[in-house]
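K.L.:
Protein chains in written order, with this note's numbering: chain A, 182 to 486; chain B, 220 to 557. C-beta atoms are modelled at their ideal positions from N, C-alpha and C, and glycine is treated no differently. Note that the structure is predicted; figures quoted are calculated from it, not measured.
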């Protein structure tokens, strides 16, 4: 009777394993919902107009994150201004100009390595390379002004450090996007007499635009979430500049991003403020995820109308 | 009327990619100032410049990795020389601030290794099984909901994991600790900030990486393998564990290696949940990882202490480089198998 082919054989191991699979999946899902839910429940009530538009002040008794928001925007802007052209250029070289060989393998290997280096190492490197007077920037200033001055703890140091960090992200996304552009587009453009650069400028880059923008948005996500690389490079300033010139000078001054402020609040056991910032960060992350989802739908040129 | 652009015999070779109209229509019968010869020269100049600029951009990554390597070694080795390699790497006493300072980082290194291993042992099975759920057993509608959620988990800043660790995990750990070591005279109470808390946070943090990569590895297995196994009478679970997972082995190994890289390099999430003293990596001890030692001491360290922290950074860097090289080797091997 147990040999009947009409009856499924009962396998204990099958049941154990399949329930293990379900438990694991349930665990992962509950974990995510739990994290998001807990942060929002404790953080959302903290968010108010005052929280978003003031800076910490013991005299006025306020605690706000306006300065940190500004710093975050500064760092995002400067990092992307440097990293986007570099990353896109690198992807164009790898995809359009380079012939397969040692050089390409070296570039791809280093790009891969760069994305695997932990952020704390970037932090240490940025601190001595850009920040300290004995680094190359200090030597340059000694040549120019006769005095060795590094960039110190400043927004610029942080942005330069993060440039190295987000570079692989932008390069890889642009490269993926360029790969999806059909080769008929290229030969078509070249065939009617366009030069290579003209073809890249007018055909390839517009076609690859969703991919490039996806890379940029992912880079923004990485910058917003970054803390270890910024702690020793951008520092922890939290004040708003008071004058118009101050807004420009700010990039040479220390400035902590939202994430840094979250870390500092939490190490001082100010958990309410920490949850407020955490909720703001989660909202940003959600927004970024949503944007990349929309864009990745437009990724493949050949499927576009 | 048509005027030949190039004198006889000097007709340019046709170069692919460069437009070469050989005749210029000029109604006035003479060359205009907008001659395409000049145009062509300036165009080829632009072409050359573009290529050079792109090449420079591409080599920027090489330059970056090179200077990071050089600077990590430049800053990490002086302490090794001053204190002595064996005293640093195999010393067990960490007293950087005392009158007779001692800079042994063996326990810090061991903590990172043990912590990462435990996090992998905890996170990888859950991650791989969740990936199996998503790729094989889940109803399509559920998989479509869960997948973006997992991607979201990867995007949450690590500091937030640390925040939740302090507020939710550490108190629970403290209660457990009080129960286990109720009568103990020798145990130093940590308030819940110990190795286990850090391992749990790390395991959660590597989950998204492991799930995403294992899932795409499982999905890339040819359907014929699965069909053959099912047709031979194997049950679905047997097929998953005896056919699909072995076939996705190289993808899963990649996931594990990336998970190791992420866990060993994570600093901020665990810096407050792992405790703050250099200790043997035992579950209920307050410990210091390679990363958390740098984060929590760099702020006030000076002179030799600071240099030793850079040595810790160098050790971490060497670990990461080994992991990266392993990864490229695995990926290369995988490409050969396909």
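Does the CB of residue 182 of chain A have a neighbour CB from chain B at under 8 Å?
P.N.:
For the purposes of this step, residue 182 of chain A is taken as residue 1 along the first chain, with counting starting at 1. Here the model assigns residue 182 of chain A a pLDDT of 49, short of 50, so the residue's position is not dependable, and the following value carries that caveat. Cβ-Cβ to chain B under 8 Å: no for residue 182 of chain A.
K.L.:
If we ignore side chains and look at the alpha-carbon of each, how far apart do residue 424 of chain B and residue 336 of chain B end up?
P.N.:
What you label residue 424 of chain B is simply residue 205 of the second chain in a count that begins at 1. What you label residue 336 of chain B is simply residue 117 of the second chain in a count that begins at 1. Cα to Cα, residue 424 of chain B sits roughly 14 Å from residue 336 of chain B.
K.L.:
Under the three-state reduction of DSSP, which class applies to residue 321 of chain B: helix, strand or coil?
P.N.:
Position 102 of the second chain, counted from the first residue, corresponds to residue 321 of chain B. DSSP places residue 321 of chain B in strand when its eight states are reduced to three.
K.L.:
Please report the straight-line C-alpha distance between residue 251 of chain B and residue 267 of chain B, rounded to a whole angstrom.
P.N.:
Position 32 of the second chain, counting from 1, holds the residue named residue 251 of chain B. Position 48 of the second chain, counting from 1, holds the residue named residue 267 of chain B. Residue placement at residue 251 of chain B is poorly supported in this model, since its pLDDT is 45, which falls under 50; the coordinates still yield a value, given next. Each residue's alpha carbon lies about 26 Å from the other.
K.L.:
Starting from residue 432 of chain B, trace the alpha helix (DSSP H) in both directions and tell me its first and last residue.
P.N.:
Numbered from its first residue, the second chain carries residue 432 of chain B at position 213. Per DSSP, residue 432 of chain B belongs to the alpha helix (DSSP H) from 414-438.
K.L.:
Name the two residues that bound the continuous alpha helix (DSSP H) containing residue 409 of chain B.
P.N.:
In the second chain, residue 409 of chain B corresponds to position 190, counting from 1. That residue, residue 409 of chain B, is in no alpha helix (DSSP H); it is neither H nor E in DSSP.
K.L.:
Just checking my contact of residue 268 of chain A with residue 396 of chain A at CB under 8 Å: how many whole Å lie between their CB atoms?
P.N.:
In the first chain, counting from the first residue as 1, residue 268 of chain A sits at position 87. In the first chain, counting from the first residue as 1, residue 396 of chain A sits at position 215. Sure, about 7 Å apart at Cβ, within 8 Å.
K.L.:
Could you tell me how far apart the beta carbons of residue 287 of chain B and residue 306 of chain A are, in whole angstroms, since I believe they sit closer than 8 Å?
P.N.:
Here residue 287 of chain B is taken as the residue at index 68 of the second chain, counted from 1. Here residue 306 of chain A is taken as the residue at index 125 of the first chain, counted from 1. 5 Å between Cβ atoms; contact.
K.L.:
Less than 8 Å between CB atoms is the rule here; does residue 249 of chain B satisfy it with respect to chain A?
P.N.:
One-based indexing of the second chain puts residue 249 of chain B at position 30. Any answer about residue 249 of chain B is weak, because its pLDDT of 46 lies below 50 and its placement is not dependable; what the coordinates show is given next. Cβ-Cβ to chain A under 8 Å: no for residue 249 of chain B.
K.L.:
What residue ranges within the region 402-440 of chain A form continuous beta strand (DSSP E) runs of no fewer than 3 residues, ordered along the chain?
P.N.:
Correct list: empty.
K.L.:
According to DSSP, is residue 235 of chain A helix, strand or coil?
P.N.:
Residue numbering aside, residue 235 of chain A sits at position 54 when the first chain is read from its first letter. DSSP places residue 235 of chain A in coil when its eight states are reduced to three.
K.L.:
Flag residue 466 of chain A as yes if its beta-carbon sits less than 8 Å from any beta-carbon of chain B, otherwise no.
P.N.:
Within the first chain, numbered from 1, the residue matching residue 466 of chain A stands at position 285. Answer yes: the Cβ-Cβ gap between residue 466 of chain A and chain B drops below 8 Å somewhere.
K.L.:
Could you give the C-beta distance for residue 450 of chain A and residue 393 of chain A, rounded to a whole number, given that I count them as a contact under 8 Å?
P.N.:
Mapped onto the first chain, residue 450 of chain A falls at position 269. Mapped onto the first chain, residue 393 of chain A falls at position 212. Their Cβ separation, rounded to whole angstroms, is 42 Å, which puts residue 450 of chain A and residue 393 of chain A out of contact at 8 Å.
K.L.:
Alpha carbon to alpha carbon, what distance is there between residue 322 of chain B and residue 310 of chain B?
P.N.:
Position 91 of the second chain, counting from 1, holds the residue named residue 310 of chain B. Position 103 of the second chain, counting from 1, holds the residue named residue 322 of chain B. Taking the straight line joining both Cα atoms gives about 7 Å.
K.L.:
Excluding sequence positions up to five away, which residues of its chain have a Cβ less than 6 Å from the Cβ of residue 503 of chain B?
P.N.:
What you label residue 503 of chain B is simply residue 284 of the second chain in a count that begins at 1. Result list for residue 503 of chain B: 396 and 413, in chain order.
K.L.:
From this set, A/260, A/462 and A/471, which residue's C-alpha is nearest residue 378 of chain B's C-alpha?
P.N.:
Translated into the one-based positions of the second chain, residue 378 of chain B becomes position 159. Among A/260, A/462 and A/471, the Cα nearest to that of residue 378 of chain B is on A/462.
K.L.:
Hey, residue 419 of chain B and residue 388 of chain B are a contact pair by Cβ (cut 8 Å); roughly how many whole angstroms apart?
P.N.:
Against the second chain, residue 419 of chain B aligns to sequence position 200. Against the second chain, residue 388 of chain B aligns to sequence position 169. Going by Cβ atoms, the distance from residue 419 of chain B to residue 388 of chain B rounds to 6 Å, so yes, they are a contact pair.
K.L.:
Taking the C-alpha atoms as reference points, what is the distance between residue 595 of chain B and residue 417 of chain B?
P.N.:
The structure shown does not extend to residue 595 of chain B, since chain B spans only 220 to 557, so no value can be given for it.
K.L.:
Using a C-beta cutoff of 8 Å, does residue 195 of chain A count as contacting chain B?
P.N.:
For the purposes of this step, residue 195 of chain A is taken as residue 14 along the first chain, with counting starting at 1. Chain B contact via Cβ: present.
K.L.:
What is the rounded straight-line gap between the Cα of residue 461 of chain B and the Cα of residue 484 of chain B?
P.N.:
Residue 461 of chain B sits at position 242 when you count from the first residue of the second chain. Residue 484 of chain B sits at position 265 when you count from the first residue of the second chain. Roughly 33 Å between the two C-alpha positions.
K.L.:
Contact between the region 359-371 of chain A and the region 217-236 of chain A is defined here as three or more beta-carbon pairs at a separation below 8 Å; is this criterion met?
P.N.:
The region 359-371 of chain A is not in contact with the region 217-236 of chain A.
K.L.:
Rounded to whole angstroms, what's the CA-CA distance from residue 391 of chain A to residue 348 of chain A? Just pull it up for me.
P.N.:
By 1-based counting over the first chain, the position of residue 391 of chain A is 210. By 1-based counting over the first chain, the position of residue 348 of chain A is 167. Roughly 17 Å separates the two Cα atoms.
K.L.:
Which two residues bound the contiguous alpha helix (DSSP H) that contains residue 382 of chain A?
P.N.:
Stepping through the first chain from its first residue, residue 382 of chain A is reached at position 201. No alpha helix (DSSP H) holds residue 382 of chain A; DSSP gives it neither H nor E.
K.L.:
Please state whether the Cβ-Cβ distance between residue 528 of chain B and residue 517 of chain B is less than 8 Å.
P.N.:
On the second chain, position 309 is the one that residue 528 of chain B refers to. On the second chain, position 298 is the one that residue 517 of chain B refers to. A contact, by the Cβ cut-off of 8 Å.
K.L.:
Please return the same chain residues whose Cβ sits closer than 8 Å to the Cβ of residue 292 of chain B, not counting the five positions on each side in sequence.
P.N.:
One-based indexing of the second chain puts residue 292 of chain B at position 73. Here the set comprises 533.
K.L.:
Suppose contacts are defined by Cβ-Cβ distances below 8 Å. Is residue 408 of chain A in contact with residue 487 of chain B by that definition?
P.N.:
Residue mapping note: residue 408 of chain A aligns to position 227 of the first chain, counting from 1. Residue mapping note: residue 487 of chain B aligns to position 268 of the second chain, counting from 1. Result yes, Cβ atoms of residue 408 of chain A and residue 487 of chain B sit closer than 8 Å.
K.L.:
Among A/304, A/298, A/332 and A/385, which one has its Cα closest to the Cα of residue 314 of chain A?
P.N.:
Position 133 of the first chain, counted from the start, is the residue given in the question as residue 314 of chain A. Per the Cα distances, A/332.
K.L.:
Give every residue of the same chain whose Cβ lies closer than 8 Å to the Cβ of residue 473 of chain B, excluding the five residues on either side of it in the sequence, and list them in chain order.
P.N.:
The sequence position of residue 473 of chain B within the second chain is 254, counting from 1. Contacts found: 432, 436, 546, 549, 550 and 553.
K.L.:
Let me make sure I understand the geometry here. Which of B/499, B/481 and B/278 has the alpha-carbon closest to that of residue 407 of chain B?
P.N.:
The sequence position of residue 407 of chain B within the second chain is 188, counting from 1. Minimum Cα distance to residue 407 of chain B is reached at B/499.
K.L.:
Below 8 Å, how does it come out for the region 353-369 of chain B and the region 202-210 of chain A: are there three or more Cβ pairs, yes or no?
P.N.:
Yes: at least three Cβ pairs fall under 8 Å.
K.L.:
Can you list the residues of chain B that residue 406 of chain A reaches, using a CB-CB cut of under 9 Å?
P.N.:
In the first chain, counting from the first residue as 1, residue 406 of chain A sits at position 225. Those within 9 Å of residue 406 of chain A in chain B are 374, 375, 376, 377, 378 and 379.
K.L.:
Whose C-beta lies closer than 6 Å to the C-beta of residue 312 of chain B among residues of the same chain, with five residues either side of it excluded?
P.N.:
Walking along the second chain from the start, residue 312 of chain B turns up at place 93. Correct list, in chain order: 321 and 323.
K.L.:
What residues in the region 215-235 of chain A bring their beta carbon closer than 7 Å to a beta carbon of chain B?
P.N.:
Correct list: 216, 219 and 220.
K.L.:
For residue 314 of chain B, list the residues DSSP reports as bridge partners.
P.N.:
Position 95 of the second chain, counted from the start, is the residue given in the question as residue 314 of chain B. The partner list for residue 314 of chain B (beta bridge, DSSP) reads B/321.
K.L.:
Give me the DSSP bridge partner(s) of residue 243 of chain A.
P.N.:
Reading the first chain from its first residue, position 62 is the one you call residue 243 of chain A. BP columns for residue 243 of chain A point to A/238.
K.L.:
Could you work out which residues of chain A lie near residue 517 of chain B, taking near to mean beta carbons separated by less than 9 Å?
P.N.:
To locate residue 517 of chain B, count along the second chain from 1; it is residue 298. The contacting residues are 304, 305, 308, 412 and 413.
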